[in-house]
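Q:
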Amino acid sequence: MIIKLIWRNLWRNRRRTLITMASITFSVLFAIVMQSFQKGVFDNLIKNVVGYYSGYIQIHRAGYWEEQVLDNSFALNDTLVNQLNKNSSITGIVPRLETFLLASQGNTTKGCMLVGTDANKENQLTHLRNKISKGEYFNNQEEVVLIAEGLANRLNVDVQDTLVLFGQGFQGSMAAGKYPIKGLVHLASPAMNDAFVYLPLPAAQYFLSAENRLTSISLGIGSPDEMESVLKKLNTTVDKRYEVLSWPQMMPDIDHHIKLDGVSFYIFTGVLYLIIGFGFFGTILMMAAERKREFGMLIAIGMKKSWLGFILLGETLFITLSGVFIGIALSLPLVIRLQKNPIQVSGEFAKAYEKFGFEPIFPTALNAGIFLTQSLIVLCIAFIIGLYPIWYVRSLDAVKAMKN
Amino acid sequence: MKRIIPFLLLALGLISPSFAQDAKEIVKKADERAKGETSIATITVQTVRPTWTREMSIKSWTKGNDLMLILVTAPAKEKGVVFLKKKKEVWNWIPSIERTIKMPPSMMSQSWMGTDFTNDDLVKEASVLEDYDHSILGDTLIEERSCYKIQLLPKPAAAVVWGKVIMCIDKKDFLMLHVTYFDEDGALVNQMHCSDVKMLGGRLLPAKMEMVPVDKKGNKTILIYKSILFDTPIAETFFSTQNMTKVK
Amino acid sequence: MLIKIAWRNIWRSRKRSLIILAAVGIGLWTGIFLMAFYTGMIEQRINAAISTELSHLQLHHPTFRNEYEIPYHLPQGREMLQKISKDARVKVATGRVVVKGMIASASGSSGITINGVMPAEEQRLTNLPGKIVEGNYFTPPKTNEIILSKKLLDKLNLSLNRKVILTFQDKDGNLASSAFRIVGIFKTINGPYDDSNVFVAIQDLDALAGIPGELNEISVLLQSSEMLELCQRDFIQLFPETKVESWMQLSPELGLTVSVGDQMVYIFMGIILLALAFGIVNTMMMAVLERTKEIGMLMALGMNKLKVFTMILLETFFLILAGCPGGLLAAFATLALTNRTGIDLSFYGQLYSSFGYSPIVHPVLKFQHLEIIMLLVLITALISALFPARMALRLKPAESLKK
Chain A
129 MIIKLIWRNL WRNRRRTLIT MASITFSVLF AIVMQSFQKG VFDNLIKNVV GYYSGYIQIH
189 RAGYWEEQVL DNSFALNDTL VNQLNKNSSI TGIVPRLETF LLASQGNTTK GCMLVGTDAN
249 KENQLTHLRN KISKGEYFNN QEEVVLIAEG LANRLNVDVQ DTLVLFGQGF QGSMAAGKYP
309 IKGLVHLASP AMNDAFVYLP LPAAQYFLSA ENRLTSISLG IGSPDEMESV LKKLNTTVDK
369 RYEVLSWPQM MPDIDHHIKL DGVSFYIFTG VLYLIIGFGF FGTILMMAAE RKREFGMLIA
429 IGMKKSWLGF ILLGETLFIT LSGVFIGIAL SLPLVIRLQK NPIQVSGEFA KAYEKFGFEP
489 IFPTALNAGI FLTQSLIVLC IAFIIGLYPI WYVRSLDAVK AMKN
Chain B
18 MKRIIPFLLL ALGLISPSFA QDAKEIVKKA DERAKGETSI ATITVQTVRP TWTREMSIKS
78 WTKGNDLMLI LVTAPAKEKG VVFLKKKKEV WNWIPSIERT IKMPPSMMSQ SWMGTDFTND
138 DLVKEASVLE DYDHSILGDT LIEERSCYKI QLLPKPAAAV VWGKVIMCID KKDFLMLHVT
198 YFDEDGALVN QMHCSDVKML GGRLLPAKME MVPVDKKGNK TILIYKSILF DTPIAETFFS
258 TQNMTKVK
Chain C
3 MLIKIAWRNI WRSRKRSLII LAAVGIGLWT GIFLMAFYTG MIEQRINAAI STELSHLQLH
63 HPTFRNEYEI PYHLPQGREM LQKISKDARV KVATGRVVVK GMIASASGSS GITINGVMPA
123 EEQRLTNLPG KIVEGNYFTP PKTNEIILSK KLLDKLNLSL NRKVILTFQD KDGNLASSAF
183 RIVGIFKTIN GPYDDSNVFV AIQDLDALAG IPGELNEISV LLQSSEMLEL CQRDFIQLFP
243 ETKVESWMQL SPELGLTVSV GDQMVYIFMG IILLALAFGI VNTMMMAVLE RTKEIGMLMA
303 LGMNKLKVFT MILLETFFLI LAGCPGGLLA AFATLALTNR TGIDLSFYGQ LYSSFGYSPI
363 VHPVLKFQHL EIIMLLVLIT ALISALFPAR MALRLKPAES LKK
């Protein structure tokens, strides 16, 4: 019976119901969109950072990160590879052999960072092929190098010139070799752009007398959210003679910076909830005022105030729930659209972004968790505020109400 | 007769002080003995680490303190590599890539050929006389040889990292048998021990030198002198970047 | 007349009006405060970098900053410095000899940038003595004193009064090295900077480098940032063979921080204002519904549709505008308060200092930001007023009167 009453009340004054529902719907919409933006930009930032070079997680021989010398390399081992392959969250496994050497051309000699890597896997993780600014990408069978633009400038070399690499190899042996430059790459980080030289892994291992050895394995993961679970799994399953490090552990400065930005987002979100609360309260307040006469009448003809309270509760429940569902239904396509066609950063800012290798976009993240939590939060806020009419009814003087 | 003995004693008393030499002189003598005006030597270099050991054979030419040329003769991968030191500069010739490379300052503190010596050590060798103040601390016994214990304190303006160096130099033959390097806080950082004294190139010299970095367990570098030829004339032009590519 | 009616209507329903006033007030207050906060944070970072490392302008030989090679020093640097110092717009200017080299101790070595500074001028420019946490500043005529960071100190396993050896390539490409004694330990809020910079007196470095009496860097702090562009242009004209760069050109990462921050803030402000608008629209629409009878009455009495429309429009408009002073006042009050004391974010301390932010933020309101916010509020007010007004038109007064 009560339910019938509730239903009829709602549809009697359609406009009123719709306005109230709209208030909630839009609140949910805003909350979800804002959070999706925030997460989208955040995740994008992380993707850019790990795509620079490090990947999400790296595996080294234990102690390598503290002392990054060739002698702390490890031999590639089938058990480790199998463990990594089995984990479905891991989307990329890049084996590398890295060391500091001298690069020379004519009379100029500069220190450089040699990266021996698998051409295809490297491209999957860091999109190295897209970073080629001149010349062509290499493949694993070749004995050629890709050199970073900054270093190429400093050595005054260009594509098809021969680069001399010289330094200490594995276990004190000498490493000396000449390699033709197949391409120039533009690396976003200025430090990397001034020092990196890429060589296909087999050639690098031979060059450094470090056959089958690696200094690091870099892992790509589907999305930043999966990193924690992968990290945990690896830490428990991987042999103790390896160390497993996540990018925040390897680059604490950048991690702090990103967390910093996160702080301001929380504040903004809080303000949004505040505003939403006020808006909804205003609506409810007016609704109660509009129905003052109706309430007075009902009480006068004998309806108990507590019953009326229940009815109003039911109305609030129905309105808030439907408002939330519609809100979700509306925000879904919006968030998807903004994810596929993200807002572009414009003008000068775009250039600054690109210079640092960041995509100049503000994307949204499509995340069920966000939809759920935001809906719940708005639901709670709306519900609590929606209890106002019940309180209003309680203090209502029926006669006065009808007089108006 | 009774007057002769005290007289002899007195005479001895007068003579002994003149036998006690200046600390700097001692170091200088030891240095000259080991180097000569010029030297040509064949040496085996062993680099010892906890998990591996490498052996390298080299031939070295020196002239005075400023010029040195080292040719690697084994193993095969490094054969033919040449190091040239001219005053404070270091050059490398690498036959496999046919290149002469000048060592930039950033590489000077890197290890030389994977050993416990740095490129800097090759260059700075000479400063043992000019950059330090020398004094005799006392005597000590090393491998049954009586030695002077000499303290070298760096001069204030000297560009050496050590706070103190202690050298033990054999009294009879002026052989440098033991050297310890300390930082300014007095902590021991490096230790060099020489042994296996024999005739090399007509001089009595220790044929084995072991350099041990104290804080790296299990690490050491051993130099074994196979032969030395002293004071044969070597032209200054021998020590040139052009000659690097031709030397055998 | 309409205005009078509209005004009175507002105050007749006090609860409703108060709610809207509060919403607008809070929206405005938080919006302004947040923007000021963010701006303050960024300005802090910039000012820190300018006063600690970069200064407003720097002059170098055009090729110098490629490899920091000594032959590329400023032609007649000392005379240039004199000329620049005489300019009234310049607060402080100093010259340096900057060299890239190695620092070594018995336990290790590290690649660093050696800054040969003029002690007195450097103090006025970057307050180097103020950054010293242990030990002392340079005390001429003592020679070969060096000031380095705690991080470097630990890396080289050293302490105060110990010596280090600096090695670098001099003007002719030969290796120059010399011993220096640690007299002071410094610390800035920029970790990476500390790692790789050491300071010595310029006279201990220039002769060693083979360029006695010369400078390869001039750093200028102006009386105020506003003069930056003009000064830069003037100096470029005055010294045609030199490269004159501003802090933005010297440190593009800093410029990036500023621009990214701005854009994000606008987007979020947009969303918040949108939410605010909706809240107000909803409330007003509900209010109009509530006043169906009243409106019906007015129409029956002869008020035509246009007048009703305008009346509701005015009401909403006024309400929003009335909410502004409250919000603005609250914003200005909190800003004034926090501007003086600063907001201490030390509980996030570690996070901040490792990346160059100081933990105390002074919110700063830029006039430009205030203008934009006020404009947005105005537009919001106008648009939100339209919806309820339109709805009022759709009401069926005859029916409502029947009630």
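Chains as they are written, first to last, in my numbering: chain A, 129 to 532; chain B, 18 to 265; chain C, 3 to 405.
Each residue gets a CB set at the ideal place from its N, CA and C atoms; glycine is no exception.
This one's a predicted model, so the numbers in the text were calculated from it and none came from an experiment.
1) Spatial neighbours of L217/C within its chain, please: CB distance less than 7 Å, with the 5 preceding and 5 following residues excluded, ordered by chain position.
2) May I have the straight-line CA-CA distance separating L31/B from H151/B, to the nearest angstrom?
3) Give me the Cα-Cα distance between L154/C and V366/C, rounded to the nearest whole angstrom.
4) With 7 Å as the limit, tell me which residues of the stretch 61-89 of chain B have their beta carbon closer than that to any beta carbon of chain A; keep them in chain order.
5) Near P171/B, which residues of its chain fall below 7 Å by C-beta distance, leaving aside the five closest residues on each side in sequence?
6) Less than 8 Å between the beta carbons of L342/A and I218/A, yes or no?
7) Would F423/A pass as an interface residue toward chain C - the criterion being a Cβ-Cβ separation below 8 Å?
8) Buried or exposed: where does T65/C fall if 16 or more other Cβ atoms within 10 Å of its Cβ makes it buried?
9) Hey, does I148/C have any beta-carbon neighbour from chain B nearer than 8 Å?
10) Closest to L217/B by C-alpha separation, out of V140/B, A51/B and K46/B, would be which residue?
11) Once DSSP output is grouped into helix, strand and coil, what is the label at S232/A?
12) Any chance you could list the alpha helix (DSSP H) runs of at least 4 consecutive residues sitting entirely within the stretch 111-161 of chain C, in chain order?
13) For a contact defined as C-beta to C-beta under 9 Å, what are the partners of V231/B on chain A?
14) Pull out every residue of the stretch 115-135 of chain B whose Cβ sits closer than 8 Å to any Cβ of chain C, in chain order.
15) For T290/A, tell me which candidate among K214/A, G424/A and G234/A has the shortest Cα-Cα distance.
16) Just the C-alpha distance for A338/A and L229/A, rounded to the nearest angstrom, thanks.
17) Are at least three pairs of beta-carbons, each pair with one atom in the stretch 413-432 of chain A and one in the stretch 286-295 of chain C, less than 8 Å apart?
18) Please return the same chain residues whose Cβ sits closer than 6 Å to the Cβ of L192/B, not counting the five positions on each side in sequence.
19) Please name the residue in G281/C, S15/C, R396/C and P131/C whose C-alpha comes closest to that of A122/C.
20) Taking Cβ positions, are N146/C and A181/C nearer each other than 8 Å?
21) Can the beta-carbon of G311/A be found closer than 8 Å to that of T254/A?
22) In this structure, how does DSSP classify K307/C when only helix, strand and coil are distinguished?
23) Taking 8 Å as the threshold, find out whether the stretch 486-499 of chain A comes into contact with the stretch 166-176 of chain A through three or more Cβ pairs.
24) Compare the C-alpha of W375/A against each of R140/A, I509/A, G244/A and M355/A and name the closest.
25) On the three-state DSSP scale, how would you describe T254/A?
26) So, is the C-beta of K498/A closer than 8 Å to a C-beta in chain C?
27) Could you say which of S74/B, T258/B and V65/B lies nearest to K243/B if we only look at CA atoms?
28) Is any beta-carbon of chain C found at less than 8 Å from that of W108/B?
29) Which word fits F357/C, buried or exposed, when buried means at least 16 other C-beta atoms lie within 10 angstroms of its C-beta?
30) Counting only runs that start and end within the stretch 231-255 of chain B, where is the beta strand (DSSP E) found for 3 or more residues in a row?
31) How long is the line joining the alpha carbons of I456/A and L308/C, rounded to whole angstroms?
32) If we call anything under 8 Å between Cβ atoms a contact, is V222/C one with L59/C?
33) Could you tell me the alpha carbon to alpha carbon distance between F188/C and N138/C, rounded to whole angstroms?
34) What residue range is occupied by the uninterrupted beta strand (DSSP E) comprising N199/C?
35) Give the interface partners of G305/A over in chain B, defined as CB-CB distance under 8 Å, in chain order.
36) Check the Cβ of K94/B against every Cβ in chain A and list those closer than 8 Å, keeping chain order.
A: Answer, in terms of the structure:
1) H75, L76, G79, R80, L83, G97, R98 and V99
2) Residue confidence is low: L31/B scores 46 on pLDDT, short of 50, so the model does not pin down where it sits. Its coordinate-derived value is still stated next. Answer to the nearest angstrom: the Cα atoms are 24 Å apart.
3) 36 Å
4) T64, W69 and R71
5) D148, Y149, V177 and W179
6) no
7) no
8) exposed
9) no
10) A51/B
11) strand
12) 121-128 and 152-157
13) The premise fails here: V231/B is roughly 18 Å from chain A at the closest Cβ pair, so nothing lies under 9 Å.
14) P121, P122, S123, M125 and S126
15) G234/A
16) 15 Å
17) yes
18) P223
19) P131/C
20) yes
21) no
22) helix
23) yes
24) M355/A
25) helix
26) Rather than Lys, the amino acid found at residue 498/A in this sequence is Ile. Judged by the 8 Å Cβ criterion, I498/A is not in contact with chain C.
27) S74/B
28) no
29) Residue placement at F357/C cannot be trusted, given a pLDDT of 47 that sits under 50; what the coordinates show is reported in the next sentence. Looking at its Cβ environment, which holds 16 or more other Cβ atoms inside 10 Å, F357/C is buried.
30) 237-247
31) 38 Å
32) yes
33) 10 Å
34) N199 to A203
35) S113 and I114
36) S301, M302 and S337
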